[in-house]
Ligand code: ASP
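Below, the structure written as structure tokens:
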């Protein structure tokens, strides 16, 4: 009986997603002009419940990342190992992003999206953003005021503070150990909170998806079909091809099992369009479903949600080629290399929140001398692409996390092989495993 119930919540979330999409499309096609449905159902019910769900997920992010990472650092108890994991993570995150954007540019080069596009009617306005000076970005990693970092949810600053706090706890000897025990207990409590919010998931996912599909008609995609489909194709090649190969040959794990176990995190990423809000689910999935130890996952998952955005880089690559074609600008090999470099770097320090990839695109366009206004052309289809690329971003975080865990001997094969391990409804483990 318990086994059957376990399967139910995961299936419920998937069913809620499909049902939400179907209802959303119906509302968009049949009730587009019905004030009551638009105001009360889409703008009211769906919007309110969807927003509450996202807020509940975000509520967990800061406490979860902090508590989990402090536990991870103290369990590791070794600053050298931490440095090693950090270097591996950053190198792999940058590498996968560079591969992602190269795939995007290659596919876009073959398909040539934007040829023959009618530029006369850009539908929306877009305000670009200046790139902050690199020095400021680096200085900003150190939280001059940790409370402000927590209040703003500044992930990199929280990570730095948690690491120093965890290391200090180890250095503080016996007294530090008391605090450590407290944090291990606190971690169990926060994980139980994650379990509570998960119960809301089917309703939240249903409302978020229904609202998106009700407001985003399929017809806006048609004029941009070549752009849209090229991004989707590149996302699929990267997610299935690159991650599949990395999982198979570098992590030496079964890719089918990997994707199956990451399904819940992908659905959450898709519905919320935010890697950040998905952290609780990603962390839970890689630890309890895949079998990555907390000492690695608590560090690499929040870091990845903040600096690793392969799906976003893919959109930026295709968008750059699309906008260049529309404006009749020829991009040379140097421009392509510049795009690879800037888009890879731009993904660092970009928060994993909805739509931010488009804002960062302005920096990429600027670097290769393309008009930032070009973004207005693609903004209409961005929400749907944002959902898909966020699912890829999160899968990328889990891929790199698994590779590092394997290399650090911080991976539990029994958990990985057990199809039922850590399913959403399973009793929550009492404490994190080091
Ligand atoms: N929404 C994406 C994320 O949270 C970022 C983006 O591409 O806009 O990962």
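In my numbering, the protein residues as written are 3 to 436.
No residue lacks a Cβ here, since even glycine has one placed at the ideal position from N, Cα and C.
Contact set for residue i: own chain, Cβ-Cβ below 8 angstroms, skip 5 residues either direction
{"i": "residue 143", "result": "158, 159, 162"}
{"i": "residue 278", "result": "60, 63, 155, 157, 307, 308, 353, 354, 355"}
{"i": "residue 20", "result": "none"}
{"i": "residue 372", "result": "322, 325, 326, 329, 331"}
{"i": "residue 3", "result": "Unreliable placement is indicated for residue 3, whose pLDDT of 42 sits below 50; no coordinate value is reported for it."}
Proximity winner among the options, relative to residue i (alpha-carbon distances)
{"i": "residue 409", "options": "88, 79, 228, 77", "result": "88"}
{"i": "residue 246", "options": "36, 394, 40", "result": "394"}
{"i": "residue 350", "options": "27, 65, 91", "result": "91"}
{"i": "residue 55", "options": "271, 311, 244", "result": "271"}
{"i": "residue 79", "options": "33, 165, 172", "result": "172"}
{"i": "residue 256", "options": "281, 416, 33, 392", "result": "416"}
{"i": "residue 234", "options": "374, 21, 16, 102", "result": "102"}
{"i": "residue 377", "options": "16, 322, 424", "result": "322"}
{"i": "residue 106", "options": "119, 23, 183, 231", "result": "231"}
{"i": "residue 291", "options": "390, 21, 423", "result": "423"}
{"i": "residue 27", "options": "81, 218, 174", "result": "218"}
{"i": "residue 253", "options": "97, 186, 401, 39", "result": "401"}
{"i": "residue 152", "options": "313, 68, 312, 169", "result": "68"}
{"i": "residue 342", "options": "97, 85, 31", "result": "97"}
{"i": "residue 94", "options": "311, 265, 318", "result": "311"}
{"i": "residue 262", "options": "31, 65, 419", "result": "419"}
{"i": "residue 258", "options": "57, 421, 368, 85", "result": "421"}
{"i": "residue 109", "options": "149, 318, 85", "result": "318"}
beta-carbon residue i near the ligand ASP non-hydrogen atom, thresh 7 angstroms
{"i": "residue 277", "result": "yes"}
{"i": "residue 385", "result": "no"}
{"i": "residue 233", "result": "no"}
{"i": "residue 346", "result": "no"}
{"i": "residue 414", "result": "no"}
{"i": "residue 256", "result": "no"}
{"i": "residue 104", "result": "no"}
{"i": "residue 225", "result": "no"}
{"i": "residue 311", "result": "yes"}
{"i": "residue 99", "result": "no"}
{"i": "residue 388", "result": "yes"}
{"i": "residue 302", "result": "no"}
{"i": "residue 145", "result": "no"}
{"i": "residue 357", "result": "yes"}
{"i": "residue 395", "result": "yes"}
{"i": "residue 354", "result": "yes"}
{"i": "residue 391", "result": "yes"}
{"i": "residue 314", "result": "yes"}
Chain-order list of residues whose beta-carbon lies under 7 angstroms from that of residue i (same chain, five-residue window excluded)
{"i": "residue 294", "result": "288, 403, 404, 407, 412, 413"}
{"i": "residue 384", "result": "357, 360"}
{"i": "residue 336", "result": "none"}
{"i": "residue 207", "result": "15, 18, 19, 22, 269, 273"}
Cα-Cα separation, residue i to residue j
{"i": "residue 357", "j": "residue 104", "result": "22 angstroms"}
{"i": "residue 315", "j": "residue 180", "result": "44 angstroms"}
{"i": "residue 196", "j": "residue 274", "result": "16 angstroms"}
{"i": "residue 381", "j": "residue 188", "result": "42 angstroms"}
{"i": "residue 5", "j": "residue 12", "result": "The pLDDT assigned to residue 5 is 47, lower than 50, so where the model puts this residue is not dependable, and the model offers no usable value."}
{"i": "residue 201", "j": "residue 328", "result": "46 angstroms"}
{"i": "residue 83", "j": "residue 301", "result": "12 angstroms"}
{"i": "residue 379", "j": "residue 331", "result": "16 angstroms"}
{"i": "residue 141", "j": "residue 304", "result": "19 angstroms"}
{"i": "residue 194", "j": "residue 138", "result": "38 angstroms"}
{"i": "residue 243", "j": "residue 398", "result": "12 angstroms"}
{"i": "residue 2", "j": "residue 334", "result": "Since the displayed the chain opens at 3 and closes at 436, residue 2 lies outside it and no answer follows."}
{"i": "residue 344", "j": "residue 365", "result": "8 angstroms"}
{"i": "residue 51", "j": "residue 23", "result": "16 angstroms"}
{"i": "residue 192", "j": "residue 425", "result": "17 angstroms"}
{"i": "residue 215", "j": "residue 199", "result": "24 angstroms"}
{"i": "residue 147", "j": "residue 165", "result": "15 angstroms"}
{"i": "residue 184", "j": "residue 370", "result": "52 angstroms"}
{"i": "residue 320", "j": "residue 227", "result": "12 angstroms"}
{"i": "residue 38", "j": "residue 149", "result": "44 angstroms"}
{"i": "residue 169", "j": "residue 145", "result": "16 angstroms"}
{"i": "residue 210", "j": "residue 388", "result": "13 angstroms"}
{"i": "residue 368", "j": "residue 338", "result": "13 angstroms"}
Beta-carbon contacts of residue i that lie in its chain and below 6 angstroms, excluding the five residues immediately before and after
{"i": "residue 25", "result": "212"}
{"i": "residue 43", "result": "none"}
{"i": "residue 396", "result": "267, 271, 277, 280, 284"}
{"i": "residue 392", "result": "271, 275, 277"}
{"i": "residue 260", "result": "249"}
{"i": "residue 440", "result": "This structure gives no information on residue 440, because the portion of the chain shown stretches from 3 to 436."}
{"i": "residue 324", "result": "115, 116, 229"}
{"i": "residue 182", "result": "76, 171"}
{"i": "residue 99", "result": "312, 315, 346, 349"}
Interface flag, residue i vs chain C, CB-CB below 8 angstroms
{"i": "residue 208", "result": "This model lacks chain C altogether; it includes just one protein chain."}
For this session: Flag this pair as touching only if the stretch 238-247 and the stretch 44-56 have three or more C-beta atom pairs under 8 angstroms; answer yes or no.
Result: No, they do not touch.
Exercise. How about the stretch 105-115 and the stretch 206-224: do they share at least three Cβ pairs that are nearer than 8 angstroms?
Worked result: They do not touch, by the three-pair rule.
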